[in-house]
Amino acid sequence: MLKIEDLSVKVADHNILKEFNLSIADGEVHAIMGPNGTGKSTLSKVIMGSHEYEILSGKIIFNDEDISALDVDERSRKGIFLAMQTPISIEGVTNSEFLRTALNARQSEPIALFDFIKTMESNMKDLDMKNDIVHKAINEGSSGGERKKNEVLQIKVLKPSFIILDEVDSGLDVDSLRIVCENINKYRQENPNTSILIITHYSRILEYIKPDYVHMMVDGKIVKTGDYNFAFEIDKSGYSELVNE
Ligand SMILES: Nc1ncnc2c1ncn2[C@@H]1O[C@H](COP(=O)(O)OP(=O)(O)OP(=O)(O)O)[C@@H](O)[C@H]1O
Ligand SMILES: [Mg+2]
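Residue 101 is where the sequence shown starts when you use the numbering used here, and the numbers rise one by one after that.
As structure tokens, this is what we get:
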């Protein structure tokens, strides 16, 4: 599904990604763990198509198509979704306006209002979210954890095929983390071809959503890859010890 080849990326005169390589097949779950400032969020924003970052060399291939030059909205309509590490609030745009517009932009017939309301209600119930957010501006006055849940609500409504979860677990209390992970696992069951890239500092989320591969990223590239158990090794040993091996 996703193939990143020798990707080098710069921001504000700093080289962040350095000949970065990663391949994710249909239906696979990959996790990336790595120290602060190593380029994990940069990677996720570059896959999504942020203009903040300059691609110096390399390619991003999605379903056999080079998407490196496509805009964010085109990538989104192709099925890529980024749940951001720090979701911002957007004044003046309600969650319902935003999601209905985004949903209609990816299907030939606009969704009927009644069907949209039903979809929203059932998905918010699944996520144990308060109903009144529908008519509130995006993330306005929301707590950190509520913002993370809102990202997952967007996934459930927009139905992407490739999902990046950039520290979706940070800010979630234990119950909310379980609910969010249960929702994502149910989504995977219903859409088995969906691939997921989980960026995290904690192995706990990986106990719920079991990855096929765990990558350790240091200084702009993947330096070591293992299976599910590698996450616990990282937890135990820390990055610096593993880098020195
Ligand atoms: N827009 C930007 N302008 C300037 N520097 C940036 C920008 N975006 C990222 N950086 C720098 O790039 C480096 C990588 O940042 P990034 O957010 O990708 O790290 P990260 O691996 O996600 O870290 P964390 O685990 O703390 O979330 C950092 O040194 C950061 O300061
Ligand atoms: Mg980050």
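All residues carry an ideal CB built from backbone N, CA and C; glycine is no exception.
Query raised in the report: Taking Cβ positions, are Thr142 and Ile116 nearer each other than 8 angstroms?
Result: Contact: yes.
**Report entry** Those residues, in chain order, that have a beta-carbon closer than 7 angstroms to some heavy atom of ligand 2
**Finding:** Qualifying residues, in the order they occur: Lys140, Ser141, Gln185, Asp266, Glu267 and Ile299.
Query raised in the report: Mapping DSSP to helix, strand and coil, what is Glu128?
Result: Note: Glu128 maps to coil in three-state DSSP.
Query raised in the report: Rounded to whole angstroms, how far is the Cβ of Thr294 from the Cβ of Gly127, which I believe are closer than 8 angstroms?
Result: With a beta-carbon spacing of about 7 angstroms, Thr294 and Gly127 fall inside the 8 angstroms limit used to define contacts.
Report task. From the DSSP output, in three-state form, read off Gly241 for me. Result -> Note: Gly241 maps to coil in three-state DSSP.
**Report entry** With 16 other Cβ atoms within 10 Å as the buried cut-off, status of Lys140
**Finding:** Classification for Lys140: buried.
Query - Euclidean distance between Cα positions of Leu203 and Thr138 - result: Roughly 34 angstroms separates the two Cα atoms.
Query raised in the report: Cβ-heavy atom distance between Gly115 and ligand 1 below 7 angstroms?
Result: Going by the sequence as given, residue 115 is Asn instead of Gly. Remark: the C-beta of Asn115 is outside contact range of ligand 1, defined as less than 7 angstroms to any heavy atom.
Query - Secondary structure of Val257, DSSP reduced to three states - result: Under the three-state reduction of DSSP, Val257 is assigned to helix.
Requested in this report: Please determine if the stretch 181-195 and the stretch 264-272 are in contact, where contact requires at least 3 C-beta pairs separated by less than 8 angstroms.
Outcome: As far as the Cβ criterion goes, the stretch 181-195 touches the stretch 264-272, which means the pair count is three or higher.
Report task. Would you kindly work out how many angstroms separate the C-alpha atoms of Gly241 and Lys248, rounded to a whole number? Result -> Approximately 13 angstroms between the Cα atoms of the pair.
Query - Meets three-Cβ-pair contact criterion under 8 angstroms: the stretch 184-193 and the stretch 226-242 - result: A contact exists between the stretch 184-193 and the stretch 226-242.
Query raised in the report: What residue ranges within the stretch 165-194 form continuous alpha helix (DSSP H) runs of no fewer than 4 residues, ordered along the chain?
Result: Segments of the alpha helix (DSSP H) lying fully in the stretch 165-194: 172-178.
**Report entry** Terminal residues of the alpha helix (DSSP H) in which Tyr313 lies
**Finding:** Per DSSP, Tyr313 is not a residue of any alpha helix (DSSP H); the beta strand (DSSP E) it occupies stretches across Tyr313 to Val318.
Query raised in the report: Roughly how many angstroms separate the alpha carbons of Asp327 and Leu170, rounded to a whole number?
Result: Taking the straight line joining both Cα atoms gives about 32 angstroms.
Report task. Can you tell me the Cβ-Cβ gap for Tyr339 and Val318, rounded? I've got them flagged as a contact below 8 angstroms. Result -> Correct: roughly 6 angstroms between the Cβ atoms.
Query raised in the report: Distance, Cα to Cα, Arg200 vs Leu342?
Result: In a straight line, the C-alpha of Arg200 is about 46 angstroms away from that of Leu342.
**Report entry** Reference Gly149; option with closest CA among Ile155, Leu107 and Val172
**Finding:** Cα-wise, what sits closest to Gly149 is Val172.
Query raised in the report: Across which residues does DSSP place Asn115 in a beta bridge pair?
Result: Beta-bridge pairing links Asn115 to Lys110.
Report task. Given a cut-off of 8 angstroms, decide if Val268 and Glu251 are closer than it, judged by their beta-carbon atoms. Result -> Yes. Within cutoff.
Report task. Report whether the distance from the Cβ of Thr219 to the nearest heavy atom of ligand 1 is below 7 angstroms. Result -> Remark: the shortest separation between the CB of Thr219 and any heavy atom of ligand 1 does not fall under 7 angstroms.
Requested in this report: Would you kindly report the start and end of the unbroken alpha helix (DSSP H) that includes Val280?
Outcome: Residue range Val274 to Glu290 is occupied by the alpha helix (DSSP H) that includes Val280.
Report task. In the DSSP assignment, find the unbroken alpha helix (DSSP H) run with Glu209 in it and report its ends. Result -> In the DSSP annotation of this structure, Glu209 is not part of any alpha helix (DSSP H), being labelled neither H nor E.
Query raised in the report: Tell me the DSSP bridge mates of Leu203?
Result: Answer is none; Leu203 lacks a bridge partner.
Query raised in the report: If you count every other CB in all the chains shown that lies within 10 Å of the CB of Gly192, and 16 or more means buried, which is it?
Result: Label assigned to Gly192: exposed.
Query - Residue from Met316, Asp335, Lys230 and Met101 whose Cα sits closest to the Cα of Met133 - result: When each option's Cα is compared against that of Met133, the closest is Met316.
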